[in-house]
Amino acid sequence: MTQVKKMKITAKKADGTIVEQQVTPNNFDTSSIWGQVADRYDSEIGWDEKVMGIGLLRRWLVGQAKGDVLEVSTGTGRNFDYYKPNQVDSLTVTDDHPSMLQAAQSKFKQYQTKFHNTFVSFQSANVDRPESLEKKRYDTVVDTFGLCSCGDPAGALVSMADACKSDESRILLLEHGRSHYDWLNRLLDTNVDQHVKKWGCWWNRSIMDLFEEDRVKEKVEIVSVSRWHFGTTCYVVAKPRKLRLICIVASSPLSACIIFD
Ligand SMILES: C[S@@+](CC[C@H](N)C(=O)[O-])C[C@H]1O[C@@H](n2cnc3c(N)ncnc32)[C@H](O)[C@@H]1O
């Protein structure tokens, strides 16, 4: 049985009393967790994914990847099975945690023949930090179950949009978070600290609300959504929002200001 480390995040109040704090990306660094999880990740989540039909959703989503493809938060490379190499020119596999990226790289050895005509590279990249992804470079950006784990999921969506080559590019997401149902959300909320400490994953995030944040709305447009497993699994196809030219304002005889929507 896997042991959940007993880690308490505490804060000192003005009167000196120590209170336990909820685990947030600001007070809890999940890096060490990914170091511990890498070796057992596939064996521990494999059965859950089978029962939930996640493999089918992955196949359906990842099979749409084409052209120059970026996968962020790749983890152990659970999507390698589902890419169609005849439609993928290059595949850039990234993750922020060396142990997970290493696991993906090891797994990839069994896929080398499948991808023999595709340029595949492995890079360390933190999706929270826009500068770690190449901008305007990719036809498809894939992220499966990554938004639950990074520090700034809205920022991650912006980074993904910035990495897209054009508004023809697609952002393919399979994510998990809050449900349609309050009873299930209460369970997710009650157990989130324990879950983060074991899996480095905030399973109670509202994935669809991220698309309502101004900085995301500005850059990302949803093409289609379907939700599964009481709404906890979100299958989203998105694209970078096309800037619409609203008007050009002449601010002086020699200069003009271009305003985009
Ligand atoms: C739940 S796993 C999902 C792995 C894989 N995408 C899958 O579908 O099985 C989350 C992954 O996100 C990675 N991760 C967490 N924070 C990240 C960040 N800020 N930037 C990039 N990767 C991150 C972790 O190392 C881990 O591999």
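Letter by letter, the sequence shown follows residues 6 to 266 of our numbering.
Cβ coordinates follow ideal geometry from the N, Cα and C atoms, glycine included.
Just so we're clear, the structure is a prediction, and the values are computed from it rather than from any experiment.
Ordered list of beta strand (DSSP E) runs contained in the stretch 170 to 198, each at least 3 residues: 175 to 181
Closer than 5 angstroms to ligand 1: residues, by C-beta to nearest heavy atom, in chain order: W39, S78, G80, R83, D100, D101, H102, M105, N131, V132, D133, T149, F150, G151, S154, C155
Between the CA atoms of F85 and F113 - distance to the nearest angstrom: 7 angstroms
Residues near Y172 in its chain [Cβ-Cβ closer than 8 angstroms; skip 5 each side]: Inspection of the sequence shows that residue 172 is occupied by Asp rather than by Tyr. Taking D172 as the centre and dropping the five residues before and after it, the same chain places the C-beta of K244, P245, R246, K247 closer than 8 angstroms to its C-beta, in chain order.
Beta-carbon gap between T237 and S184 smaller than 8 angstroms: yes
In DSSP terms, what F127 is bridged to: V98
Segment contact flag, the stretch 188 to 208 with the stretch 116 to 130, C-beta cutoff 8 angstroms, min 3 pairs: Touching, no, given that fewer than three Cβ pairs across the two stretches are closer than 8 angstroms.
Distance CB(L66)-CB(L138) smaller than 8 angstroms: no
Stretch-stretch touch, CB-based, cutoff 8 angstroms, three pairs: the stretch 55 to 74 with the stretch 91 to 103: yes
Distance, D20 Cα to P103 Cα: Rounded to the nearest angstrom, the two C-alpha atoms are 42 angstroms apart.
Collapsed DSSP secondary structure at Y143 in the structure displayed: strand
Within-8 angstroms CB hit, D94 to chain D: Absent here is chain D; the protein component of the structure consists of one chain.
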